[in-house]
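Engineer: Numbered per the numbering used here, the sequence shown finishes at 454, counting up by one with no gaps.
Think of the CB as a built atom: it goes at the ideal place given N, C-alpha and C, for glycine as much as any other residue.
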Amino acid sequence: MSKDYYKSLGVDKNASQDEIKKAYRKLAHKYHPDKKGGDEAKFKEVNEAYQTLSDDKKRGQYDQFGSGYEQAGAGGFSGFSGSQGSNGFSGFDFQGSGFEDIFSDFFGGGQTSRRQTSGSDVVVDVNLDFEEMAKGTKKKIKVYKKVKCQTCDGTGAKNKETQQCSQCGGSGQIKRTRQTFLGTFSQVEVCDKCKGKGQIPKEKCSNCGGDGIVRDYQEMEINIPAGIEDGQTLRVSGGGEASIEGGAAGDLYVRIHIKAHSNFKRQGSDIVSKLLISFSQATLGDKLEVETVYGPVKLKIPAGIQAGDFLRIKGKGIKTLGGFGQGSHLVEIKIKIPQKLSWSQKKLVEKLREEGI
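1) Can you find the residues in the same chain that come closer than 6 Å, C-beta to C-beta, to PHE174, ignoring five residues on each side of it along the sequence?
2) Under three-state DSSP, which class holds ASP160?
3) Our contact map puts GLY307 next to SER268 with C-beta atoms below 8 Å; I'd like the distance itself, whole angstroms only.
4) How should LYS292 be labelled, buried or exposed, when 16 other C-beta atoms within 10 angstroms of its C-beta is the threshold for buried?
5) Span of the alpha helix (DSSP H) holding ASN144?
6) In angstroms with no decimal places, state the Cα-to-Cα distance between GLN109 and GLN148.
7) Report buried or exposed for TYR241, applying the criterion of at least 16 other Cβ atoms within 10 angstroms of its Cβ.
8) Among GLY233, LYS104 and LEU373, whose alpha-carbon lies nearest the alpha-carbon of GLU386?
9) Grab the span of the beta strand (DSSP E) containing THR380 for me, first residue to last.
10) GLY233 and ILE321: beta carbons closer than 9 Å?
11) Could you check how far apart the C-beta atoms of ALA323 and LYS395 are, in whole angstroms? I think they sit under 8 Å.
12) Between VAL446 and the rest of its own chain, which residues show a CB-CB distance below 8 Å, the 5 nearest in sequence each way excluded?
13) Taking ASP226 as the reference, which of GLU451, ILE325, ILE434 and LEU124 has the closest Cα?
14) Looking at C-alpha atoms only, which residue of VAL351, ALA357, TYR350 and LYS245 is the closest neighbour of ASN304?
15) Over the uninterrupted alpha helix (DSSP H) stretch that includes GLU103, give me the two end residues.
16) Does DSSP put ILE321 in a helix, in a strand, or in coil?
17) Pairs of beta-carbons, one from the segment 324 to 338 and one from the segment 253 to 268, closer than 8 Å: are there three or more?
18) Per DSSP, what kind of secondary structure is ILE415 in: helix, strand or coil?
19) I'd like to know whether the C-beta atoms of SER375 and LYS448 end up nearer to each other than 9 Å.
20) Is it buried or exposed for TYR314, if we count other Cβ within 10 angstroms and need 16 for buried?
21) Can the beta-carbon of LEU408 be found less than 9 Å from the beta-carbon of VAL390?
22) Just the Cα atoms here: how many angstroms apart are ALA146 and LYS154?
23) Applying the 10 Å Cβ sphere with the 16-neighbour rule, what's the burial state of LEU349?
24) Just grab the DSSP bridge partners of SER276 for me.
25) In the structure shown, what three-state DSSP assignment does PHE227 receive?
26) Quick check: what's the CA-CA separation for SER283 versus VAL221?
27) In the DSSP assignment, the alpha helix (DSSP H) including VAL446 goes from what residue to what residue?
28) Could you please give the first and the last residue of the uninterrupted alpha helix (DSSP H) stretch that includes HIS126?
29) May I ask you to list the residues that DSSP assigns as paired with PHE407?
30) For LEU418 and ALA400, which I take to be in contact (beta-carbon distance under 8 Å), what is that distance rounded to the nearest angstrom?
31) Look at the alpha carbon of ALA231 and the alpha carbon of GLY405, and state the distance between them as a whole number of angstroms.
32) Provide the residue(s) that pair with ILE310 in DSSP beta bridges, ordered along the chain.
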């Protein structure tokens, strides 16, 4: 009695190869003997049906002669050997056109998903002034890297005219098979002809030679937060080189270098500078102008201040990363001692000494 392979897989006689494969995979998962509730007989039945219907030549012969076409001289079923195989399944031949996919699903074998290679990362160095570090800034930089060809808009084609890749049929991927002691296993790879795009140029772009990618300078604006440390690296996602295979762009890494300042030094989120005052200013007090990264500020010098004392100007330090706070500007007092005195100055100092000052 002729077997109804379409019924075995639960598909229509006009079903596409994709529909047949999906039905087979679903049923093979359901009836696999290694699964709880599996059915070896049903598993053999759907495998036999799939091995015939998945092959256009065998399917045509089956449609014409039925499942008895082996006796009609059309050739046998490659999926069954009629003997006990070493794999433990009676009559199974692992060389079938579909079993390797199911086998790989259960045992971690060959089939892989389509993956496109990302573009390369790029590293650049950026120099900052002390003031830029303290307040934060935006820097425009030019990076020489692989970028999308503007002439063909990345298609690689003259006038942007493309056609379906003949090697992969427009899918962007091709199926490779390999032989093992268990049988034939499949692996899906990115098509090397179209680089996974599924389309190839009708005529190559003269600017990029058909790659869709060229090397050129690209101007970028980088937002640099206040309070960044010397030697710290910022990551700009997608700021690296474009991928020739249509994958995601690489990342841009910006290494920060902060120039030393002649007057200011960093101390955590505070800025420290020195102020040289005279003996009389230290003794009597004064009001002086002090330079900060935010401009000059009037600072009151209290009478009797000592060398090495610090005066604090709040809110004039470094903004913290994230903008949640800001340090102070610390002024360290230095007292200038004159090395030479005029006769009148010397008399005044001697008088002070007599007064115990």
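Structural biologist: With the given structure in hand:
1) The residue labelled residue 174 in the question sits at position 77 within the sequence shown. Low confidence applies here, because PHE174 scores a pLDDT of 38, under 50, leaving its location unreliable; read the following figure in that light. Same-chain partners within the cutoff: there are none.
2) In the sequence shown, the residue the question calls residue 160 occupies position 63. Reduced to three states, the DSSP call for ASP160 is helix.
3) Mapped onto the sequence shown, residue 307 falls at position 210. Mapped onto the sequence shown, residue 268 falls at position 171. Not really, about 20 Å apart at Cβ, beyond 8 Å.
4) Stepping through the sequence shown from its first residue, residue 292 is reached at position 195. Buried, because 16 or more other Cβ atoms sit within 10 Å of the Cβ of LYS292.
5) Locating residue 144 in the sequence shown gives position 47, counting from the first residue. It spans 137 to 150 - the alpha helix (DSSP H) in which ASN144 sits, taken as one unbroken run.
6) Start at 1 with the first residue of the sequence shown, and residue 109 comes out as number 12. Start at 1 with the first residue of the sequence shown, and residue 148 comes out as number 51. Note on identity: in this sequence residue 109 is Asp, with Gln being the wrong assignment. About 16 Å.
7) Your numbering for residue 241 matches position 144 in the sequence shown. TYR241 should be labelled exposed.
8) To locate residue 386, count along the sequence shown from 1; it is residue 289. That would be LEU373, whose Cα lies nearest to the Cα of GLU386.
9) Residue mapping note: residue 380 aligns to position 283 of the sequence shown, counting from 1. It is not in any beta strand (DSSP E) - THR380 instead sits in the alpha helix (DSSP H) that spans 376 to 381.
10) In the sequence shown, the residue the question calls residue 233 occupies position 136. In the sequence shown, the residue the question calls residue 321 occupies position 224. Against a cut-off of 9 Å, the Cβ pair of ILE321 and GLY233 comes out as a contact.
11) Stepping through the sequence shown from its first residue, residue 323 is reached at position 226. Stepping through the sequence shown from its first residue, residue 395 is reached at position 298. Incorrect: roughly 24 Å between the Cβ atoms, too far for contact.
12) Counting from 1 along the sequence shown, the entry for residue 446 is found at position 349. Only LEU438 meet the Cβ criterion.
13) As a first step, residue 226 is located in the sequence shown; it is residue number 129 there, counting from the start. Cα-wise, what sits closest to ASP226 is ILE325.
14) Position 207 of the sequence shown, counted from the first residue, corresponds to residue 304. When the alpha-carbon of ASN304 is set against those of VAL351, ALA357, TYR350 and LYS245, the nearest one is in LYS245.
15) Along the sequence shown, read from residue 1 onward, the residue named residue 103 stands at position 6. With the sequence shown as reference, residue 103 is identified as Tyr, and Glu is not the correct amino acid for it. Element bounds for TYR103: 102 to 106.
16) In the sequence shown, the residue the question calls residue 321 occupies position 224. DSSP places ILE321 in strand when its eight states are reduced to three.
17) no
18) Here the question's residue 415 lines up with position 318 in the sequence shown. Looking at ILE415 - three-state DSSP - the assignment turns out to be coil, as it is neither helix nor strand.
19) For the purposes of this step, residue 375 is taken as residue 278 along the sequence shown, with counting starting at 1. For the purposes of this step, residue 448 is taken as residue 351 along the sequence shown, with counting starting at 1. Not a contact, by the Cβ cut-off of 9 Å.
20) Residue numbering aside, residue 314 sits at position 217 when the sequence shown is read from its first letter. Exposed, by the Cβ-count rule.
21) Taking the sequence shown and counting its residues from 1, one reaches residue 408 at position 311. Taking the sequence shown and counting its residues from 1, one reaches residue 390 at position 293. No, these two residues do not count as a Cβ contact at 9 Å.
22) Here residue 146 is taken as the residue at index 49 of the sequence shown, counted from 1. Here residue 154 is taken as the residue at index 57 of the sequence shown, counted from 1. Roughly 14 Å between the two C-alpha positions.
23) Numbered from its first residue, the sequence shown carries residue 349 at position 252. LEU349 comes out buried.
24) In the sequence shown, the residue the question calls residue 276 occupies position 179. Before going on, a small fix: residue 276 reads as Gln here, not Ser. DSSP, once it has assigned bridges, lists THR281 as partnering GLN276.
25) Within the sequence shown, residue 227 is the residue found at index 130, counting from 1. Note: PHE227 maps to helix in three-state DSSP.
26) Start at 1 with the first residue of the sequence shown, and residue 283 comes out as number 186. Start at 1 with the first residue of the sequence shown, and residue 221 comes out as number 124. Distance between the alpha carbons of SER283 and VAL221: 42 Å.
27) As a position in the sequence shown, residue 446 is number 349, starting the count at 1. It spans 440 to 451 - the alpha helix (DSSP H) in which VAL446 sits, taken as one unbroken run.
28) Stepping through the sequence shown from its first residue, residue 126 is reached at position 29. HIS126 -> alpha helix (DSSP H) spans 114 to 128.
29) For the purposes of this step, residue 407 is taken as residue 310 along the sequence shown, with counting starting at 1. Note: PHE407 sits in a beta bridge opposite GLU429.
30) Position 321 of the sequence shown, counting from 1, holds the residue named residue 418. Position 303 of the sequence shown, counting from 1, holds the residue named residue 400. In fact, because the Cβ distance is near 39 Å, the residues do not count as touching under 8 Å.
31) Looking up residue 231 in the sequence shown gives position 134. Looking up residue 405 in the sequence shown gives position 308. The straight-line gap from Cα to Cα measures roughly 25 Å.
32) In the sequence shown, residue 310 corresponds to position 213, counting from 1. Partner(s): LYS245.
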